[in-house]
Structure formats: C-alpha cells, structure tokens
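Worksheet for the structure shown next.
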Amino acid sequence: SFEGRVEVYHDGKWGTICDDQWDDQDAEVVCRQLGLSGTPKALSWAHYGQGSGPILLDEVQCSGNELSLDQCKKSDWGQQNCDHIEDAGVSCDPFTGTDVQLCQSDAVGLTPTLLEGTVRLAGGRSPSEGRVEVYYNGDWGTVCDDGWTDLGAQVVCRQLGFR
398 SFEGRVEVYH DGKWGTICDD QWDDQDAEVV CRQLGLSGTP KALSWAHYGQ GSGPILLDEV
458 QCSGNELSLD QCKKSDWGQQ NCDHIEDAGV SCDPFTGTDV QLCQSDAVGL TPTLLEGTVR
518 LAGGRSPSEG RVEVYYNGDW GTVCDDGWTD LGAQVVCRQL GFR
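All letters in the sequence shown, in the order written, are residues 398 to 560 by our numbering.
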C-alpha cells in the first residue's frame, strides 16, 4: 500500500508520530524511506485512524531532502504532548503527479494524448498489481509472459512511478 498512518520502530516497539509540524516535506522523506515515489502528501488528525501504543515522535521538521526520518529535526524519542487523535499519516500516491510521464498535451488545446509505450496495470486487487498492458497504435494490449522476468517487472514498476 502507498498510504496510511505512519508508524516507526524504535527501541523494540512500534509507535505513531504526532502531527505537530507535520507537512509534505516530512511525507516526502517517509515516501523516500519506504521506496515509494509519487506525490507525497501529509495527512493530520488521524486521517487513517488512531494508532495504539506509544507516540514515539513529535515536532518532526524535515527539509524534504533527508533519506530517513532519523535525519530530520524532531523531538527526542518518546518526548511528545499528543493524543492518538493527532497521529500523522502520508499518501505516496504513484498515480498523482505523473501526467507528464503518461500523457502529452496536443498542440491545439488540452486534450491528453497517450504516448506509444505507456503502460498500465489492469485487473489487480490494488493499484500496484495487475496484468501489464501497453498502449500501442491507438489500443491497449497485453504482454506475453514468454521470457518475462523480474527485470521486466522492475522496468514496468519504474515506468509507473514505483521503485
């Protein structure tokens, strides 16, 4: 999944993050740490439900360039003044902000035109799985699995904005 309540593991236990100072730069770091691309969006006020157990971080203030939350300015582990109604969440939606990769605008107006070779996943249980389809010559077609390997799957995942 590419969205949900953010939980961190520290000192042998899982806990949530308080949403004080929580913003899209923090979400960008979480998405990067999870290996997800797309448009990072911070969500507050237990948007994905309240967690249980300890609230391990508060006052997280990332610049957006860090590789992990541990590199961001934040309160000391376990130091917080929050309740679970303030649990932080993120969305790392790979299907937002990717129009440039999938479409081009016609010179006359804004009607999007699919590019030859655009890929999509169809029939999966989630947006990150399914049958691979390719747009070619005005139609969507499937990909034969003869010679299909993890390498081909990795290429498709990167084209779709996953890592």
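Cβ coordinates follow ideal geometry from the N, Cα and C atoms, glycine included.
Residue environment, residue i, which counts as buried when at least 16 other CB atoms sit within 10 Å
{"i": "residue 411", "result": "exposed"}
{"i": "residue 550", "result": "exposed"}
{"i": "residue 429", "result": "buried"}
{"i": "residue 536", "result": "exposed"}
{"i": "residue 557", "result": "buried"}
{"i": "residue 544", "result": "exposed"}
{"i": "residue 467", "result": "exposed"}
Start and end residues, beta strand (DSSP E) containing residue i
{"i": "residue 439", "result": "436–440"}
{"i": "residue 517", "result": "516–519"}
Reduced DSSP category for residue i - H, G, I as helix; E, B as strand; rest coil
{"i": "residue 527", "result": "coil"}
{"i": "residue 468", "result": "helix"}
{"i": "residue 522", "result": "coil"}
{"i": "residue 463", "result": "coil"}
{"i": "residue 557", "result": "coil"}
{"i": "residue 410", "result": "strand"}
Residues bridged to residue i [DSSP beta-bridge criterion]
{"i": "residue 484", "result": "415"}
Close beta carbons around residue i, own chain, < 6 Å, minus the five adjacent residues each side
{"i": "residue 561", "result": "Coverage of the chain is limited to positions 398 through 560, which leaves residue 561 absent and any answer about it impossible."}
Neighbourhood of residue i by C-beta, 7 Å cutoff - its chain only, sequence neighbours within 5 removed
{"i": "residue 448", "result": "402, 404, 413, 481, 484"}
Nonlocal neighbours in the same chain, by C-beta distance under 8 Å from residue i, ignoring five residues either side
{"i": "residue 441", "result": "416, 419, 483, 485, 486"}
Boundaries of the alpha helix (DSSP H) in which residue i is found, first to last residue
{"i": "residue 564", "result": "Outside the displayed range of the chain (398 to 560) lies residue 564, so it cannot be described from this structure."}
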